[in-house]
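>
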Ligand SMILES: Nc1ncnc2c1ncn2[C@@H]1O[C@H](COP(=O)(O)OP(=O)(O)OP(=O)(O)O)[C@@H](O)[C@H]1O
Ligand SMILES: Nc1ncnc2c1ncn2[C@@H]1O[C@H](COP(=O)(O)OP(=O)(O)OP(=O)(O)O)[C@@H](O)[C@H]1O
Ligand SMILES: [Mg+2]
Ligand SMILES: [Mg+2]
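What follows is the structure, given as structure tokens:
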């Protein structure tokens, strides 16, 4: 009976508190919502850039140049060998004629050069697409080394310089992004936890009085924790909505950018609820101790 | 006498208030400082990226290919003509032999192709560096069009496709960055203005009492405005210091990134002072009206 | 003695509905310069509300309040602070600034009246000694007993030597001995020319002094033991001793370079019956 | 009647230094179950501080406070709330929750004691009528007069039918008529078995009732008109009428399924001289 009453009263108290502390709640939710919005923007930008990077990585190819005048079965043996690598996703045979044609296209306005050639200096080749997870300079270097020793293989190339330079840039980006991410994340944590503190500061007096009339810590605490969770949810939802609106506007100019998945959003909102509750719990503890 | 007293008292009151409302001041400064830190990070990243873009833009060249076997004075006339453009910063003559050498280098591992050539198919050319402000596809297209009609000029090229594609990417970046910048800026404004509101919420009672003992609005207001300015300055300084530390750490991994200039920082701090003061003024007005 | 007959505060046909349960109805009374008036009534009679109207923290629904040269129906918001600097108020719930010491609480009222710090320091000793709190001048209200807080409130109200003192239950938290001292203090201030309107439920206290008493009940004035300008009361007001002291007091103020009496230049005939 | 002799609250050699100016020195007294005791002393004598020690809002520097089964020197922080739910407290400054109605202010004390909503609603009518505020049950403290606020504080303190009621100046803001009613109410509660310790500066009030009176002055007990377990007092406590009512009251509580008396099972002999 009493436990049930306590539960009921605490719940009741929690809902009443939301109404009573409306001004401070609205202000807190605005602060938290916009802070979270900044955090979400950061995450979304990181997400989209890393998707661009992944796509670029998928474009990378290893070229296996074959010796001139090989038998068809040697070529087939090479092909089979290439497919045996775990890291290889696909192999395409490029005849030397097609290679020259492609070269001409790539030169673009300098294509007159090709016309001046009397013979086709290019060999037959295989073009290897790597599996996404193995599209690294390291792995490409490793298989290139092996393939280079095979019979009938003249040369293996994968734009070593470019790949390494690209990987350096990507690493730089991730390092910077990660560092900034930590700073931004900590900033948001500080902003939100201090907002909770500031908000609870104005409830000191009620806490004092409730303690004097014999309320248990739980009775006093839970409504604040509930308030924290509520603020967390509402501000998370606010942030997501604002982000979504910006996304809708932004995706007109930058088609192809992605938004968060629905389960990610749900998880984020849940996380904010938990963090809001925890923040309130920590902030109120010191008023209860005395 | 009385005006002097009022001035003295208001000043005195302002300093006392900082001490009295220490908890709420510290909390507010933390919230604002970290919010501003996020804003500053955003601005600094934008700044550095746009410097990279500017540098890339400076690398762009217009190539003027000359007809074969021109007289030296025709070449000189072209050179003079090129220098007459306002947008041209420098002109370099590239003999056809050097051009072939460069091409060989650019092909890198495909340089065998060049060795197969029997004659040098490349012409003499001028390489034009544009002034920074004119390094746009539009301007390059404009002068390319004019130069193309000159005597002795075979062709003018400036990597039209590349420049246009690059400009599209840069435009996309600036659009995105600008949009995000507005969102981030507004978020920070909301966060800070609401922090001021939340902080003043806890001073309501003192305001009420001061009004009842006959204090003028100025006497009540100025200390809060002063507090707002103070919070603005301290949080701005906090944000700058935190940013500078992150910058120092970050610049080990990314040498070459720049920090804000000292006058920019001073301006920022001053701006925060003004905004803090204005925020407090707006927030307190409603308590004074009643 | 025409000067003494001036009305420092007048309430004319004031009505104010506060809630379904309570309305102040057609209140009429005036307080003369230098007069001492008790406002008596049971809990919830409307004493505090009436006083609140006099320091213009609330506005009547109809009727008028005139305090000094300030008229409730012609008040701008910006002049309310001038009014409050001319009157002293003891609030029933003290209204002390929790985060300031006793000294600062009293000083703030003097500061907002534009008085110099050296003057404040000089007078503070006297003011705080009068209420017996000089030794506690650096304590904050939280470290004071109920009665001590009440005395701080009184000290603050009299600090500016107001032309009228509105005291709401100023001895509710005081023991008989301190009550007597405070009442003597109030009479002394009164005899210096300050009109006093003292709201209380303590009928004993009122009876023991025999001053003019206004009885309030359920928002109505049910009895007014004296009327300004009626024979017997006039005599008591223009008592020669009081008058002399009042003049001395004013002279001192003029000596300090202040205006003679900012709140005293309205000579309004009695408005209500 | 050995049960009546139980001590519900005892203070043993309590000393507490509050500031340079004030120290409670070696306080000793006990309150028996169902006793009515006045604690009288001038402003700043230490009445409120002493009461604060009894509801364990502050701890003595030395000595002991025992209330019911709670011993100040062996208290865990988590049991303080149990103590406070067993006693009723009227605070000198009311301590009402500003943002709640009269009903909610009283209900919150009943809720934290785990009482059901239907019971709270049923009893509220009676409690609020007793202090004459039933018609104002939906008002917030800001809309109440000083005396009305005080009565809310009293209502809250008696709402849980505590075994001991600590009342700090419960009639300071009340007019004589309401004061009489409240005192009658307190006596009625007392005669139901609740011990009452009433701090006041109102010596008249104390004298008129002729109850046991403890005089406090400057932090010392200077006189205690009665001692528990001394002849005359014992008689007055074990007055047969009081006893009968007390038993009825307890029986009713048992009938509601509550423990007989959570605070009454410490039978500690008098500790101090
Ligand atoms: N803001 C308000 N809203 C509604 N009712 C109010 C408000 N303020 C006061 N009242 C009501 O007006 C009545 C008069 O209140 P007031 O404070 O003037 O009484 P009082 O004479 O000062 O009593 P006390 O001696 O108890 O202080 C009370 O019944 C109170 O409940
Ligand atoms: N927290 C504190 N710090 C320092 N001194 C205090 C503190 N609390 C109270 N005092 C001092 O202790 C003395 C006793 O205070 P207390 O409140 O107990 O008096 P009281 O008997 O209740 O008086 P009153 O009738 O005026 O309420 C006072 O002089 C007060 O200034
Ligand atoms: Mg009142
Ligand atoms: Mg007290």
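Protein chains in written order, with the working numbering: chain Z, 1 to 290; chain U, 291 to 580; chain P, 581 to 853; chain R, 854 to 1126. Cβ atoms here follow ideal geometry from the backbone N, Cα and C, with glycine treated the same way.
Is it buried or exposed for residue 991 (chain R), if we count other Cβ within 10 angstroms and need 16 for buried?
Exposed is the call here.
> Taking the CB atoms as reference points, tell me whether residue 558 (chain P) and residue 722 (chain P) lie closer together than 8 Å.
With chain P running from 581 to 853 in the structure shown, residue 558 (chain P) is simply not present.
> Could you tell me the alpha carbon to alpha carbon distance between residue 918 (chain R) and residue 573 (chain U), rounded to whole angstroms?
48 Å
> Please classify residue 651 (chain P): does DSSP put it in a helix, a strand, or coil?
Three-state result, residue 651 (chain P): strand.
> Over what stretch of residues does the beta strand (DSSP E) that includes residue 881 (chain R) continue unbroken?
876-885
> Residue 727 (chain P): beta carbon under 7 Å from a heavy atom of ligand 2?
yes
> Tell me, please, whether the CB atom of residue 1075 (chain R) is closer than 8 Å to any CB atom in chain P?
no
> Please name the residues in the region 893-927 of chain R whose beta-carbon is closer than 8 Å to at least one beta-carbon of chain Z, in chain order.
908, 910
> Answer yes or no: the CB of residue 872 (chain R) versus the heavy atoms of ligand 4, is any distance below 7 Å?
No - ligand 4 has no heavy atom lying nearer than 7 Å to the Cβ of residue 872 (chain R).
> Ends of the beta strand (DSSP E) at residue 155 (chain Z)?
153-157
> Hey, is the region 1004-1019 of chain R in contact with the region 1049-1063 of chain R, meaning 3+ C-beta pairs nearer than 8 Å?
yes
> Going along the region 541-574 of chain U in order, which residues come within less than 8 Å of chain Z, judged by CB to CB distance?
543, 544
> Hey, could you find the ends of the beta strand (DSSP E) residue 616 (chain P) is sitting in?
616-620
> Excluding the 5 residues flanking residue 131 (chain Z) on each side, which residues of the same chain have their C-beta closer than 8 Å to its C-beta?
86, 87, 88, 89
> Return the chain-ordered list of same chain residues with a C-beta closer than 7 Å to the C-beta of residue 878 (chain R), the five sequence neighbours on each side being excluded.
868, 1072, 1073
> Three or more C-beta pairs under 8 Å: does that hold for the region 901-909 of chain R against the region 971-980 of chain R?
no
> Distance, Cα to Cα, residue 260 (chain Z) vs residue 44 (chain Z)?
7 Å
> Are the CB atoms of residue 754 (chain P) and residue 896 (chain R) within a distance shorter than 8 Å?
yes
> Would the C-beta of residue 749 (chain P) count as close to ligand 3, meaning under 7 Å from any of its heavy atoms?
yes
> Taking the beta strand (DSSP E) that residue 352 (chain U) belongs to, which residues open and close that run?
351-356
> Contact between the region 8-28 of chain Z and the region 223-232 of chain Z: three or more CB pairs below 8 Å?
yes
> Flag this pair as yes or no: are the beta carbons of residue 277 (chain Z) and residue 229 (chain Z) separated by less than 8 Å?
yes
> What is the DSSP secondary structure of residue 715 (chain P), reduced to helix, strand or coil?
helix
> Leaving out the 5 sequence neighbours to the left and right, which residues in its chain are closer than 8 Å to residue 328 (chain U) when beta-carbon positions are compared?
474, 478
> Do residue 358 (chain U) and residue 390 (chain U) have their C-beta atoms closer together than 8 Å?
For residue 358 (chain U) and residue 390 (chain U), no; Cβs fall outside 8 Å.
> How about residue 981 (chain R): is its C-beta nearer than 8 Å to some C-beta of chain Z?
no
> With distances taken from CA atoms, which of R:1070, R:1006, R:983 is nearest residue 1037 (chain R)?
R:983
> Report yes if the C-beta distance between residue 191 (chain Z) and residue 481 (chain U) is below 8 Å; otherwise report no.
yes
> Could you check whether the region 199-215 of chain Z touches the region 159-176 of chain Z, counting it as contact only if at least three pairs of C-beta atoms, one from each stretch, sit closer than 8 Å?
no
> Give a yes or no on whether the minimum CB-CB distance between residue 216 (chain Z) and chain R is below 8 Å.
Chain R, which has a Cβ nearer than 8 Å to the Cβ of residue 216 (chain Z), makes this yes.
> On the CB-based measure, 16 or more other CB atoms within 10 Å of its CB, does residue 55 (chain Z) come out buried or exposed?
exposed
> Within the 8 Å Cβ cut-off, does residue 295 (chain U) reach chain P?
yes
> Classify residue 932 (chain R): buried if its beta carbon has 16 or more other beta carbons within 10 angstroms, exposed otherwise.
Residue 932 (chain R) is exposed by the Cβ-count criterion.
> State whether the region 458-471 of chain U contacts the region 542-560 of chain U, with contact taken as three or more CB pairs (one from each stretch) at a distance under 8 Å.
no
> Going by DSSP, name the residue or residues bridged to residue 780 (chain P).
P:620
> Select from U:354, U:577, U:339 the residue whose C-alpha is nearest the C-alpha of residue 441 (chain U).
U:354
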